[in-house]
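Working notes, structure below.
Numbering (this note's numbering), first residue to last: 139 to 288.
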């Protein structure tokens, strides 16, 4: 299926690119997420008419993400969790917990934007996680897991 990308999509293309993707990927992900439209003659003409507006909106999103990224870069969160004597946690610290801690700091970040390549944190100590604010803006945030008192 041919689609017009309405924003940059990783490993696919940028704003305005007409690309061929599998039917299911377009129907179940790109189109419902508002990242693409079917590439019909009418849709291509409409896109060309709105291109400047979409490019401006895209650059505003990028600028906003960069501004938040500058504030987040180097931030260290401290998250208390119940832990055993050996430092192993009872449970784990997940992207949901990190998003909640960032929310308390005044940053609105969805749990899906937090990348934890090694999976949930299961030990007390310092860890690094990535926060993808935009396809072009990914920042590292430090997370210090401390044992809960009491």
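Positions of the beta carbon are idealized from the N, C-alpha and C atoms, including for glycine. Here the structure is a predicted model, which is why all the values come from computation and not from measurement.
Within its own chain, the residues whose Cβ lies closer than 8 angstroms to the Cβ of residue 220, once the five positions on either side in sequence are excluded, are 227, 228, 229, 285, 286, listed in chain order. Distances from the CA of residue 181 to each of 171, 212, 144 were compared; the closest alpha carbon is that of 144. The residue from 167, 177, 166, 171 with its alpha-carbon nearest to that of residue 156 is 177. In the structure shown, the three-state DSSP call for residue 140 is strand. With respect to the C-alpha of residue 196, the residue from 172, 164, 163 having the closest C-alpha is 172. In the three-state scheme derived from DSSP, where H, G and I count as helix and E and B as strand, residue 169 is classed as coil. The beta carbon of residue 271 lies closer than 6 angstroms to those of 203, 206, 207 in the same chain, with the five residues before and after it left out. Taking the CA atoms as reference points, residue 251 sits about 22 angstroms from residue 218.
With contacts defined by Cβ atoms closer than 8 angstroms, residue 275 and residue 236 do not form a contacting pair. Buried is the label assigned to residue 141, since at least 16 other Cβ atoms lie within 10 Å of its Cβ. For residue 188 and residue 146, the gap between their C-alpha atoms comes out near 16 angstroms.
When the five nearest sequence neighbours on each side are left out, the beta carbons in the same chain lying within less than 8 angstroms of the beta carbon of residue 150 are those of 143, 157, 159, in order along the chain. Here residue 164 is buried: its Cβ has 16 or more other Cβ atoms, across all protein chains shown, within 10 Å.
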